[in-house]
Amino acid sequence: MRLTKSFLLVAIAAIATSACDRQADSNNVAATDNAAEAAGDETIADGLAGDRKFADALKAAGLDRTLDGPGPYTVLVPSDGAFEKLPAGALDTLMKPESRAELTRLLTFHVLPGTILAEDIGKAIDAGGGKASLATMGGGALTATKEGNAIVLADAAGGKATVTQADDKRSNGVIHRVDGVLMPS
Amino acid sequence: MRIWMLATGAAALAITAPAAAQQGGGQGRGQGGGKDKPAQVERGGGKAKDHAGHDGGKASVKQDRGGGSAMKADRGGDRGKPALANTKRDDRSAVKAARAEDRGDRGRGRGDDVRTIKVAKDGVRVRDLDDDDVLIRRAFDRDLFPGRGRGLIAGCPPGLDKRDNGCLPPGQAKKLIGTPLARTAFANSLLPSQYRNWFRDDDDYFFRAGDGFIYRVDRNDGLIDGLIPMAAGLGGLGGGYGGYYALGDPWPSPYNFYNVPQQYRSTWFDNGDDCYRYDGWGAIYQVQCNTNVVSSIVSLLAGDLGVGQPLPMGYDVYNVPLAYRSNYADTSDAWYRYNDGYIYRVDPTTRLITAVIDALV
Numbered sequence: 053m054r055l056t057k058s059f060l061l062v063a064i065a066a067i068a069t070s071a072c073d074r075q076a077d078s079n080n081v082a083a084t085d086n087a088a089e090a091a092g093d094e095t096i097a098d099g100l101a102g103d104r105k106f107a108d109a110l111k112a113a114g115l116d117r118t119l120d121g122p123g124p125y126t127v128l129v130p131s132d133g134a135f136e137k138l139p140a141g142a143l144d145t146l147m148k149p150e151s152r153a154e155l156t157r158l159l160t161f162h163v164l165p166g167t168i169l170a171e172d173i174g175k176a177i178d179a180g181g182g183k184a185s186l187a188t189m190g191g192g193a194l195t196a197t198k199e200g201n202a203i204v205l206a207d208a209a210g211g212k213a214t215v216t217q218a219d220d221k222r223s224n225g226v227i228h229r230v231d232g233v234l235m236p237s
Numbered sequence: 019m020r021i022w023m024l025a026t027g028a029a030a031l032a033i034t035a036p037a038a039a040q041q042g043g044g045q046g047r048g049q050g051g052g053k054d055k056p057a058q059v060e061r062g063g064g065k066a067k068d069h070a071g072h073d074g075g076k077a078s079v080k081q082d083r084g085g086g087s088a089m090k091a092d093r094g095g096d097r098g099k100p101a102l103a104n105t106k107r108d109d110r111s112a113v114k115a116a117r118a119e120d121r122g123d124r125g126r127g128r129g130d131d132v133r134t135i136k137v138a139k140d141g142v143r144v145r146d147l148d149d150d151d152v153l154i155r156r157a158f159d160r161d162l163f164p165g166r167g168r169g170l171i172a173g174c175p176p177g178l179d180k181r182d183n184g185c186l187p188p189g190q191a192k193k194l195i196g197t198p199l200a201r202t203a204f205a206n207s208l209l210p211s212q213y214r215n216w217f218r219d220d221d222d223y224f225f226r227a228g229d230g231f232i233y234r235v236d237r238n239d240g241l242i243d244g245l246i247p248m249a250a251g252l253g254g255l256g257g258g259y260g261g262y263y264a265l266g267d268p269w270p271s272p273y274n275f276y277n278v279p280q281q282y283r284s285t286w287f288d289n290g291d292d293c294y295r296y297d298g299w300g301a302i303y304q305v306q307c308n309t310n311v312v313s314s315i316v317s318l319l320a321g322d323l324g325v326g327q328p329l330p331m332g333y334d335v336y337n338v339p340l341a342y343r344s345n346y347a348d349t350s351d352a353w354y355r356y357n358d359g360y361i362y363r364v365d366p367t368t369r370l371i372t373a374v375i376d377a378l379v
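Quick note, the sequences are listed as chains A and X, same order.
In terms of my numbering, the first sequence opens at residue 53 and continues consecutively.
In terms of my numbering, the second sequence opens at residue 19 and continues consecutively.
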């Protein structure tokens, strides 16, 4: 008697679970497809036509290919204007062959692992009582805070860059455009 | 319902630290094979068999060198000056090592040959024939990350030049190739959890770690045939401390074999013209097979997350790729974080990374 009851219960549970799984799975497949569709086929590298200085720097470091690859990455792209704010000659020096290691280090400081949207940063800032730390590919971390509605990123030296255009979703991650160049320590 | 789904669907993929630790002394199959073995893997990237040939003919392979006189020599341009010294003897040994490098590692001093290796509480003490006593730090402290610049570098004391590779100068590293694994200090350690899903034991090879290196060992003869420096990597040979190779840099021969982590092998495999190499630190490079020269960076790797470790600083922000967000949204019971091809589950209370629960490739 007991055996049969247990068996029945297990059988019911199994059926319930698999039905539940199937429903959930089909919901999730739909959601997954939508998210992927929204991002499109174009990679981060494809989206840098208007960010010439950053694109040129990537190419010099051999990272243009990286941002065309599977990723996913979150890239903080300083505008051409942001590069112009660097001390005179700084960018030219960085672009020289002998500075390649430093250039790569600078660029990878602007690449974060995974896909991070502006709302993700905002939530972490709120949960962190006003600031959040973001790990970069290059090995250092950035600090994120909010100034009004805008997200501001800071490096260890106190250099700041504000996100001017967030959530440019790509097939292999996301681009946030910023108005400053951040410096690894 | 979601947690149910995860429990059933993810059970096959979940790998927890205690389970992985059962892998055993090195002869077992480990976690290898199975569904993760991609068909096109070409391991032939260069089974480095040269050992005696490199350093002016001094055959050092047959000596029982243990971890070698592993020095904390500072190679960042201050030749001859040790980066960090625990004792006066460390200074001398470090200076000797640096000088040996200056000589191009030709004629390594007889006095550097290892006499004894003693495992102490603070690490491994290697005494050489000159009676110099060198402390090699324990390669993997579970409480610490081999985080690149975020904390201690695996096996190396803090403050060490980031360009140092695993506390062993490259001239000495080279000599480990062709030697049996057992003779290397700490060489029977399992890989740190960050790397455990990347280099899995299989029918041809097994991987173990020690002294800041991952060793690939050929099952046929039990000899080390590949080295991957794990700490800060070599970085560009042109100087600097970025840790990355630059376009045009030659790939160093001790590390020249197809060593792309498991999860990326179906994407990047050696094909005759283009070879792919992982630097053990932060990137996979495309290297021209015939010239061994770096031609581009194909992927950046963070290497920050590992099962059983605490969630490191900088990962409070949710970073799961878009296509996976509907499956893996943060809840009060579980957080999800992405790193290097895998999605990890984190316990929000303890902040411990508890499992790998999905792989993107």
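Quick reminder that beta carbons are idealized off the backbone N, C-alpha and C, glycines included.
Remember, it's a predicted structure, so these values are computed and weren't measured experimentally.
Where does residue i sit, in a helix, a strand or coil, going by DSSP?
{"i": "F135 of chain A", "result": "helix"}
{"i": "R363 of chain X", "result": "strand"}
{"i": "Y303 of chain X", "result": "strand"}
{"i": "P165 of chain A", "result": "strand"}
{"i": "G174 of chain A", "result": "helix"}
{"i": "P279 of chain X", "result": "coil"}
{"i": "E272 of chain A", "result": "With chain A covering 53 to 237 only, the question about residue 272 of chain A has no answer from this structure."}
{"i": "Y262 of chain X", "result": "coil"}
{"i": "L241 of chain X", "result": "strand"}
{"i": "T285 of chain X", "result": "coil"}
{"i": "S271 of chain X", "result": "helix"}
{"i": "R342 of chain X", "result": "Reading off the sequence shown, one finds Tyr at residue 342 of chain X, where the question assumed Arg. Correct three-state label for Y342 of chain X: helix."}
{"i": "L234 of chain A", "result": "coil"}
{"i": "V132 of chain X", "result": "Interpretation of V132 of chain X is limited by its pLDDT of 49, a score under 50 that renders its predicted location unreliable; no figure is taken from the coordinates."}
{"i": "P149 of chain A", "result": "helix"}
{"i": "A191 of chain X", "result": "helix"}
{"i": "G321 of chain X", "result": "coil"}
How far does the beta strand (DSSP E) with residue i in it extend, from its first residue to its last?
{"i": "K183 of chain A", "result": "Here K183 of chain A belongs to no beta strand (DSSP E), and DSSP marks it neither H nor E."}
{"i": "S313 of chain X", "result": "311-318"}
{"i": "Y233 of chain X", "result": "231-236"}
{"i": "E199 of chain A", "result": "193-199"}
{"i": "T214 of chain A", "result": "212-222"}
{"i": "L199 of chain X", "result": "Counting along the chain, L199 of chain X falls outside any beta strand (DSSP E), and DSSP gives it neither H nor E."}
{"i": "D292 of chain X", "result": "292-296"}
{"i": "D376 of chain X", "result": "371-377"}
{"i": "G225 of chain A", "result": "225-230"}
{"i": "N357 of chain X", "result": "353-357"}
{"i": "P130 of chain A", "result": "125-130"}
{"i": "A202 of chain A", "result": "202-206"}
{"i": "Y223 of chain X", "result": "223-228"}
So the alpha helix (DSSP H) residue i belongs to, where does it begin and stop?
{"i": "R104 of chain A", "result": "104-113"}
{"i": "R214 of chain X", "result": "211-214"}
{"i": "D144 of chain A", "result": "142-146"}
{"i": "R157 of chain A", "result": "152-160"}
Contact check, residue i vs residue j under 8 Å by CB: the rounded distance?
{"i": "G324 of chain X", "j": "S211 of chain X", "result": "3 Å"}
{"i": "L199 of chain X", "j": "A227 of chain X", "result": "With a Cβ gap of about 11 Å, L199 of chain X and A227 of chain X do not count as contacting."}
{"i": "A202 of chain A", "j": "L194 of chain A", "result": "Their Cβ separation, rounded to whole angstroms, is 15 Å, which puts A202 of chain A and L194 of chain A out of contact at 8 Å."}
{"i": "A184 of chain A", "j": "V364 of chain X", "result": "With a Cβ gap of about 15 Å, A184 of chain A and V364 of chain X do not count as contacting."}
For residue i, count neighbouring C-beta atoms within 10 Å of its own C-beta (all shown protein chains included) and say buried if the count is 16 or more, exposed if not.
{"i": "T309 of chain X", "result": "exposed"}
{"i": "K180 of chain X", "result": "Legend: pLDDT at K180 of chain X = 38, less than 50; position of this residue unreliable, value from coordinates given subsequently. Buried, because 16 or more other Cβ atoms sit within 10 Å of the Cβ of K180 of chain X."}
{"i": "A112 of chain A", "result": "buried"}
{"i": "D297 of chain X", "result": "buried"}
{"i": "V129 of chain A", "result": "buried"}
{"i": "P268 of chain X", "result": "exposed"}
{"i": "A140 of chain A", "result": "exposed"}
{"i": "E171 of chain A", "result": "exposed"}
{"i": "N224 of chain A", "result": "buried"}
{"i": "A373 of chain X", "result": "buried"}
{"i": "T367 of chain X", "result": "exposed"}
{"i": "T349 of chain X", "result": "exposed"}
{"i": "T95 of chain A", "result": "buried"}
Could you check whether residue j and residue i sit closer than 8 Å to each other, using their CB atoms as the reference points?
{"i": "I371 of chain X", "j": "L329 of chain X", "result": "yes"}
{"i": "Y360 of chain X", "j": "A377 of chain X", "result": "yes"}
{"i": "G211 of chain A", "j": "G182 of chain A", "result": "no"}
{"i": "D132 of chain A", "j": "A97 of chain A", "result": "no"}
{"i": "V305 of chain X", "j": "C293 of chain X", "result": "yes"}
{"i": "A107 of chain A", "j": "M147 of chain A", "result": "no"}
{"i": "Y262 of chain X", "j": "R157 of chain A", "result": "yes"}
{"i": "L245 of chain X", "j": "L194 of chain X", "result": "yes"}
{"i": "I177 of chain A", "j": "G99 of chain A", "result": "no"}
{"i": "L234 of chain A", "j": "I315 of chain X", "result": "no"}
{"i": "D219 of chain A", "j": "L186 of chain A", "result": "no"}
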